[in-house]
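Trainee:
In this note's numbering, the protein residues as written are 22 to 373.
(1) Whole alpha helix (DSSP H) runs in the stretch 340-371 with 4 or more residues, listed along the chain?
(2) Taking its Cβ as the centre, do 16 or more other Cβ atoms sit within 10 Å of residue 270, making it buried, or is it exposed?
(3) Please check the pair residue 345 and residue 192, which I expect to be a contact at CB under 8 Å, by giving their CB distance rounded to whole angstroms.
(4) Using the Cβ count rule (16 or more neighbours within 10 Å means buried), how would you classify residue 31?
(5) Given a threshold of 16 other Cβ atoms within 10 Å of its Cβ, counted over all protein chains shown, does residue 338 qualify as buried or as exposed?
(6) Taking DSSP as the reference, what is the three-state secondary structure of residue 284?
(7) If we ignore side chains and look at the alpha-carbon of each, how far apart do residue 33 and residue 57 end up?
(8) How about residue 299 and residue 274: do their beta carbons lie closer than 8 Å?
(9) Looking only at DSSP bridge pairs, what is residue 141 linked to?
(10) Which of the three DSSP states is assigned to residue 295 in this structure?
(11) Less than 6 Å between C-beta atoms, sequence neighbours within five positions excluded: which residues of the same chain meet that for residue 205?
(12) Give me the DSSP bridge partner(s) of residue 188.
(13) Does the Cβ of residue 74 have 16 or more other Cβ atoms within 10 Å, making it buried, or fewer, making it exposed?
(14) When burial is assigned at 16 or more other CB atoms within 10 Å of the CB, is residue 254 buried or exposed?
(15) With 16 as the cutoff for other CB atoms within 10 Å, does residue 153 come out buried or exposed?
(16) Can the beta-carbon of residue 65 be found less than 8 Å from the beta-carbon of residue 43?
(17) Taking the alpha carbon of residue 230 as the point to measure from, which residue in 241, 333, 316 has its own alpha carbon closest?
(18) Is the stretch 346-353 touching the stretch 200-218 in the sense that three or more CB pairs, one from each, lie closer than 8 Å?
(19) Starting from the Cα of residue 252, find the closest Cα among 294, 184, 297, 103 and give me that residue.
(20) Looking only at its chain, what residues have a beta carbon closer than 6 Å to the beta carbon of residue 319, apart from the 5 residues adjacent to it on each side?
(21) Reducing DSSP to helix, strand and coil, say where residue 233 ends up.
(22) May I ask you to report which of helix, strand or coil DSSP gives residue 197?
(23) With a threshold of 7 Å on Cβ separation, who are the neighbours of residue 134 within its own chain once the five nearest residues in sequence on each side are excluded?
(24) Rounded to the nearest angstrom, how far is the Cβ of residue 101 from that of residue 125, given a contact under 8 Å?
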């Protein structure tokens with residue numbers, strides 16, 4: 022019996038892009054294009070009528086844009102949606118809005134270098150279509166209420182008082198999950214939090230800024246040589262590898278290098294961060310693996326466990342893509358399996 026194909030609807034106001042995406046996806050025999058749309062209104066209609074497994078969604082379109090269409094699709098017929106977004110600061114902001122609204126993932130929209138990047142784009146798009154088809158779309162948008170301008174964030178003392186540190190790794194479905202955890206943390210958390218989320222540089226910068234607006238705890242993007250402090254969340258910059266390094270005086274700093282030098286598959290790599298966490302913090306490290314495809318971070322998480330640290334994996338029920346958490350469970354890297362709603366409380370209880 023032939024395996025069931027992944028049924029896809031392509032949404033883009035550009036006929037050229039619709040054709041280009043269709044040609045890319047048709048190279049995979051397990052994907053079937055069942056329809057296309059040129060605007061958000063048509064996208065909703067095709068999704069309801071054709072019941073696809075995955076929708077690829079452009080952002081800027083006439084009549085109704087991609088975000089409005091996504092919102093309606095998640096309300097009427099929740100379906101895995103992969104956004105097609107530009108890798109610009111504005112593109113990053115819109116993509117993060119889309120992930121909040123329930124989009125599973127995104128791919129970069131090709132610009133002037135379309136012909137030279139076609140192979141890389143095709144590989145990424147096909148992979149993310151497969152990931153999306155195995156995901157669980159969430160119809161409910163996270164609460165996103167910016168804190169008043171007069172909110173005072175806690176600024177901690179320097180590294181001298183750091184006893185424990187929290188290290189979090191995430192991929193597909195990670196941004197909303199991370200936001201869920203961080204918005205529940207107290208501003209006076211007696212530890213730093215370091216997060217490796219698979220994202221390019223423009224996106225991690227926007228992601229840190231966005232989180233800082235909605236969290237009680239301070240959130241920022243880490244920079245090379247920066248000294249770790251309690252009560253601060255650090256987002257590892259995209260396109261780079263981030264490690265924590267302990268100095269002779271006992272204080273910890275970030276060591277951040279370009280991935281052009283290191284050439285890891287992911288940048289940031291969760292494994293790279295977690296291995297440094299195990300080395301420098303040992304039993305005082307708390308490692309957490311969230312939703313995502315593949316196994317990045319699992320070897321590093323196991324190393325934290327072997328050094329006596331606490332290791333946690335998100336459970337299946339609350340994961341958008343149960344890939345990395347499942348690998349952590351199967352390879353006995355995670356000591357505890359916890360629902361997303363309970364992870365922030367687990368962090369605070371562990372630090373008491």
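All residues carry an ideal CB built from backbone N, CA and C; glycine is no exception.
Computed from a prediction, not measured in an experiment: that's the story for all the values here.
Mentor: Short version:
(1) 345-351
(2) exposed
(3) 6 Å
(4) buried
(5) By the 10 Å Cβ count, residue 338 comes out exposed.
(6) coil
(7) 8 Å
(8) no
(9) Paired residues: none, contrary to the question.
(10) DSSP places residue 295 in helix when its eight states are reduced to three.
(11) 365
(12) 215, 308
(13) It is buried - the Cβ of residue 74 has at least 16 other Cβ atoms within 10 Å.
(14) buried
(15) Looking at its Cβ environment, which holds 16 or more other Cβ atoms inside 10 Å, residue 153 is buried.
(16) no
(17) 241
(18) no
(19) The option with the nearest alpha carbon to residue 252 is 184.
(20) Same-chain partners within the cutoff: 348, 349, 352, 354.
(21) helix
(22) Helix at residue 197.
(23) For residue 134, the predicted model reports a pLDDT of 48, less than 50, meaning its position is unreliable; a value from the coordinates is still stated below. Around residue 134: no qualifying Cβ.
(24) 5 Å
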